[in-house]
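Every letter in the sequence shown is one number past the one before it in UniProt numbering, and letter 38, counting from 1, is 38.
Note sheet for the following structure.
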Amino acid sequence: MVPPRIELFGWFVLIGRVNTKERLSRLGVIRLSDTLCVLCKKEIESVEHLFLLCEYTWQVWCRWLRSFGEVWSMPGTIRELFERWTGRHKRKQEQKKWLPGFFAVIWNVWMERNARIFQNQETGVDFIIRKTLLSYNEWTKREAVGG
Numbered sequence: 001m002v003p004p005r006i007e008l009f010g011w012f013v014l015i016g017r018v019n020t021k022e023r024l025s026r027l028g029v030i031r032l033s034d035t036l037c038v039l040c041k042k043e044i045e046s047v048e049h050l051f052l053l054c055e056y057t058w059q060v061w062c063r064w065l066r067s068f069g070e071v072w073s074m075p076g077t078i079r080e081l082f083e084r085w086t087g088r089h090k091r092k093q094e095q096k097k098w099l100p101g102f103f104a105v106i107w108n109v110w111m112e113r114n115a116r117i118f119q120n121q122e123t124g125v126d127f128i129i130r131k132t133l134l135s136y137n138e139w140t141k142r143e144a145v146g147g
């Protein structure tokens with residue numbers, strides 16, 4: 001079972017309420033010149049960019065899905081990705097397997113982003129995949145045991 005705070009975070013991602021650099025700039029918290037994504041250092045850090053379109057995150061998604069024998073084409077939005085996968089896995093049992101993976105990927109991407117900003121620590125895609133797999137296994141094991 002996905003921890004409630006991480007599930008809540010995931011829903012905030014889906015509705016665009018996560019404090020990305022782009023959002024903080026719109027709110028007047030940081031300057032527009034400070035909105036560059038810390039993962040790729042190429043684009044403005046918006047929800048769509050950080051969790052889907054960033055080349056770093058794209059590698060995470062591709063490797064994550066490949067580890068389950070899945071291939072995909074990039075959806076236009078993070079919400080479209082979520083809807084595509086929940087629609088693809090209509091059976092509740094299949095959704096229970098996929099949803100923790102969705103939350104694990106976005107949570108670990110967010111943790112990497114924060115480590116780079118606040119602790120000046122940077123890891124690679126392989127490390128994020130390992131952390132994501134650990135999160136996923138912990139959450140699905142907890143579900144299998146009964147919560």
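The beta-carbon is built from N, C-alpha and C at its ideal position, and this holds for glycine as well.
Please read all numbers here as calculations on a predicted model, not as lab measurements.
C-beta contact flag for residue i and residue j at 9 Å
| i | j | result |
| --- | --- | --- |
| Asn108 | Ser135 | yes |
| Phe103 | Val2 | yes |
| Gly10 | Val47 | no |
| Ile117 | Val13 | no |
| Glu22 | Ile44 | yes |
| Thr132 | Val29 | no |
Nearest residue (CA-CA) to residue i, options the options
| i | options | result |
| --- | --- | --- |
| Thr20 | Gly10, Leu8, Cys37, Ile129 | Cys37 |
| Phe68 | Ile15, Trp98, Leu53, Arg5 | Trp98 |
Limits of the alpha helix (DSSP H) - the one that residue i falls within
| i | result |
| --- | --- |
| Ser67 | Premise fails: Ser67 is in no alpha helix (DSSP H) and is neither H nor E. |
| Glu22 | 21-26 |
Spatial neighbours of residue i in its chain, beta-carbon cut-off 7 Å, leaving aside the 5 residues before and after
| i | result |
| --- | --- |
| residue 151 | No information on residue 151 is available, as it lies outside the stretch 1 to 147 that the chain covers here. |
| Phe82 | Leu14, Phe102 |
Residues of its chain near residue i, where Cβ-Cβ distance is below 6 Å and the 5 sequence neighbours each way are ignored
| i | result |
| --- | --- |
| Thr140 | Pro100 |
| Trp85 | Trp98 |
| Ser25 | Leu32, Thr35 |
Spatial neighbours of residue i in its chain, beta-carbon cut-off 8 Å, leaving aside the 5 residues before and after
| i | result |
| --- | --- |
| Thr123 | Glu112, Ala115 |
| Val71 | Leu65 |
Rounded Cβ spacing between residue i and residue j (contact assumed at less than 8 Å)
| i | j | result |
| --- | --- | --- |
| Arg63 | Ile129 | 5 Å |
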